[in-house]
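> Quick one: the structure is below, questions incoming.
Protein chains: 2
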Amino acid sequence: MKHFTSKDIHEMPSRYRAHLINSCTGYKSANLLGTKSVSGISNLAIFNSVVHIGSTPPMLGFILRPLTVARDTYKNFKETGFFTVNQVNNEIIEGAHQTAASYNEHISEFSKTNLTETYLDQFHAPYVDESAIKLGCSYVNEYRIEENGCVMIIGAIEHIYLPDDILHEDGWLQLDKQNAVVTNGLDAYALPKLLNRFSYAEPDKPLQKLL
Amino acid sequence: MKHFTSKDIHEMPSRYRAHLINSCTGYKSANLLGTKSVSGISNLAIFNSVVHIGSTPPMLGFILRPLTVARDTYKNFKETGFFTVNQVNNEIIEGAHQTAASYNEHISEFSKTNLTETYLDQFHAPYVDESAIKLGCSYVNEYRIEENGCVMIIGAIEHIYLPDDILHEDGWLQLDKQNAVVTNGLDAYALPKLLNRFSYAEPDKPLQKLL
């Protein structure tokens with residue numbers, strides 16, 4: 001077993017440290033955040049930090065790196081109030097990864113990838129047509145993490161679009177039916193297959209497999 | 001394509017809404033957080049909200065539900081300053097899921113599951129022996145999300161333990177080599193297989209596959 005201490009981590013080359021720290025907490029979700037500037041330029045960026053914040057009301061959160069450089073996604077949802085969250089599947093991982101490149105604010109990532117910009121129900125922000133699960137969200141609040149200047153954004157989920165065949169009768173979505181992927185660190189993608197669902201955990205009661 | 005509006009979501013039965021909202025943002029990481037009370041009772045709880053906060057210094061974050069009821073994990077790391085983060089793999093998903101049951105504070109989840117409590121290098125908090133990747137962390141700060149009372153906890157990564165064979169020469173960890181799993185909503189688990197790694201994305205430069 002390999003052991004890295006705080007001192008070891010501090011003394012690593014920064015790229016090595018970035019790979020290690022980004023992968024040691026496990027797989028993360030892969031979502032494309034779509035926004036549009038007030039001047040009408042669309043933007044698309046991959047995020048692996050979307051987390052569940054609450055169901056009632058439905059909210060999600062994600063982490064932005066420090067705002068010391070221009071962040072088109074941030075500027076757009078702050079100015080317009082809206083963004084979309086689009087699930088990445090195994091057929092679009094290359095285009096999704098390419099959205100991480102630093103295009104200038106006048107260039108839409110949709111024009112530089114094979115991802116298709118689409119608009120639904122007059123929502124301001126663009127959705128990714130190739131994503132099976134699409135969420136229309138509004139900006140709610142932000143919390144600056146004083147330890148390193150990152151910002152946690154809170155959004156409200158206002159629209160959910162999804163294919164009928166992944167929706168189970170109790171509201172659960174079976175993500176492997178649409179080949180949703182996960183990220184493994186900064187630059188790798190993996191495809192999960194469902195193992196099982198379990199009953200609600202209670203003390204001294206054996207779990208039931210639901211599938 | 002199915003479409004749920006804000007109104008639809010608001011009017012759903014609460015359990016249906018919880019399943020839908022927890023699964024619509026994609027797979028999440030599966031980690032067991034280990035703590036020990038000042039009186040020496042260990043605690044283990046599954047979390048699917050661990051996110052990357054920064055590499056320099058190395059920090060992670062996770063979301064706690066509102067502190068209106070007793071949260072042993074919170075009480076323990078606040079009083080002692082330490083917790084561990086242990087990767088869930090496909091052989092321990094049932095034990096990991098069972099840690100979500102509401103045991104009282106005098107009962108250790110280790111005693112109610114097949115998970116083995118272990119201590120490394122005099123660290124205060126217990127690790128899960130069956131987890132291939134184990135992180136020893138210290139409590140740094142917390143941010144209360146005023147919209148619903150959830151709390152984001154920030155921790156510093158002080159120790160990383162992992163098997164040699166998952167560590168690549170650039171610091172990246174290949175998570176499928178140790179069968180790390182992900183969560184799909186509140187009660188399902190899935191096993192990812194690696195698709196590929198890509199080169200750093202830059203404007204107008206084709207991505208290279210690294211594997």
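Chains as they are written, first to last, in full-length UniProt numbering: chain A, 1 to 211; chain B, 1 to 211.
Just so it is clear, CB atoms sit at the ideal spot from N, CA and C, and this is done for glycine as well.
1) Measure the C-alpha to C-alpha separation of A/K85 and A/A180 and round it to an integer number of angstroms.
2) For B/Y161, which residues of its own chain have a beta-carbon under 6 Å away from its beta-carbon, when the five flanking residues on both sides are left out?
3) Answer yes or no: does any C-beta atom of chain A fall closer than 8 Å to that of B/Q122?
4) Here's a check: name, in chain order, each residue in its chain whose Cβ is nearer than 7 Å to the Cβ of A/E158, leaving out the five neighbours to either side.
5) On the DSSP letters alone, give me the boundaries of the alpha helix (DSSP H) that residue 268 of chain B sits inside.
6) In terms of alpha-carbon separation, which member of A/W172, A/L175, A/I46, A/S55 lies closest to B/G149?
7) Could you list which residues in chain A have their beta carbon closer than 9 Å to that of B/N141, in chain order?
8) Looking only at DSSP bridge pairs, what is residue 245 of chain B linked to?
9) Would A/N89 count as contacting chain B if we go by Cβ distances under 8 Å?
10) Helix or strand or just coil, what does DSSP make of B/C20?
11) Quick check on the DSSP output: what are the complete alpha helix (DSSP H) runs of length 4 or more inside the UniProt domain "Flavin reductase like" (37-166) of chain B, in order along the chain?
12) Mind checking the stretch 69-86 of chain A against chain B and listing, in chain order, the residues whose C-beta falls within less than 8 Å of any C-beta there?
13) State the CB to CB distance for the pair B/S199 and B/L207, rounded to an integer number of angstroms; the pair is presumed to be in contact (CB under 8 Å).
14) For residue 212 of chain B, would you say it is in contact with chain A, using Cβ-to-Cβ distances shorter than 8 Å as the test?
15) Within 8 Å (strictly less), CB to CB, does A/C150 reach chain B?
16) Nearest CA to the CA of B/A100: which residue from B/S49, B/E117, B/G61, B/L44?
17) Listed from N- to C-terminal order along the chain, which residues in the stretch 184-198 of chain A have their beta-carbon within a distance smaller than 7 Å of any beta-carbon of chain B?
18) In chain B, which residues lie with their C-beta within 7 Å of the C-beta of A/H19?
Reading off the structure:
1) What you label residue 85 of chain A is simply residue 85 of the first sequence in a count that begins at 1. What you label residue 180 of chain A is simply residue 180 of the first sequence in a count that begins at 1. The question names Lys, yet the displayed sequence has Val at residue 85 of chain A. A direct Cα-Cα distance of roughly 13 Å separates A/V85 from A/A180.
2) If you number the second sequence from 1, residue 161 of chain B lands on position 161. The answer, listed in chain order, is K134.
3) For the purposes of this step, residue 122 of chain B is taken as the residue at position 122 of the second sequence. No, no contact with chain A.
4) In the first sequence, counting from the first residue as 1, residue 158 of chain A sits at position 158. Hits under 7 Å: G136, C137, S138.
5) It is not possible to answer for residue 268 of chain B, since the shown part of chain B is limited to 1 through 211.
6) Locating residue 149 of chain B in the second sequence gives position 149, where the first residue counts as 1. That would be A/S55, whose Cα lies nearest to the Cα of B/G149.
7) Sequence index remark: in the second sequence, residue 141 of chain B carries index 141 (1-based). Those are I145, E146, E147, listed as they occur along chain A.
8) Missing from the structure shown is residue 245 of chain B; chain B here goes from 1 to 211 and no further.
9) Position 89 of the first sequence holds residue 89 of chain A. It does not: the Cβ of A/N89 has no partner Cβ on chain B nearer than 8 Å.
10) By one-based count along the second sequence, residue 20 of chain B stands at place 20. Before going on, a small fix: residue 20 of chain B reads as Leu here, not Cys. Three-state DSSP puts B/L20 in a helix.
11) 72-80, 93-98
12) V85
13) Taking the second sequence and counting its residues from 1, one reaches residue 199 of chain B at position 199. Taking the second sequence and counting its residues from 1, one reaches residue 207 of chain B at position 207. Yes, B/S199 and B/L207 are in contact; Cβ-Cβ is about 6 Å, under 8 Å.
14) Absent from the structure is residue 212 of chain B, since the part of chain B shown begins at 1 and ends at 211.
15) As a working note, residue 150 of chain A is residue 150 in the first sequence. So yes, A/C150 belongs to the interface.
16) The residue you call residue 100 of chain B lines up with position 100 of the second sequence. Considering only alpha carbons, the answer is B/L44.
17) Going along the stretch 184-198 of chain A in chain order, one finds N184, G185, D187, A188, Y189, A190, L191, P192, K193, L194, L195, N196, R197, F198 with a Cβ nearer than 7 Å to chain B.
18) Residue 19 of chain A sits at position 19 when you count from the first residue of the first sequence. Simply D170, G171, W172.
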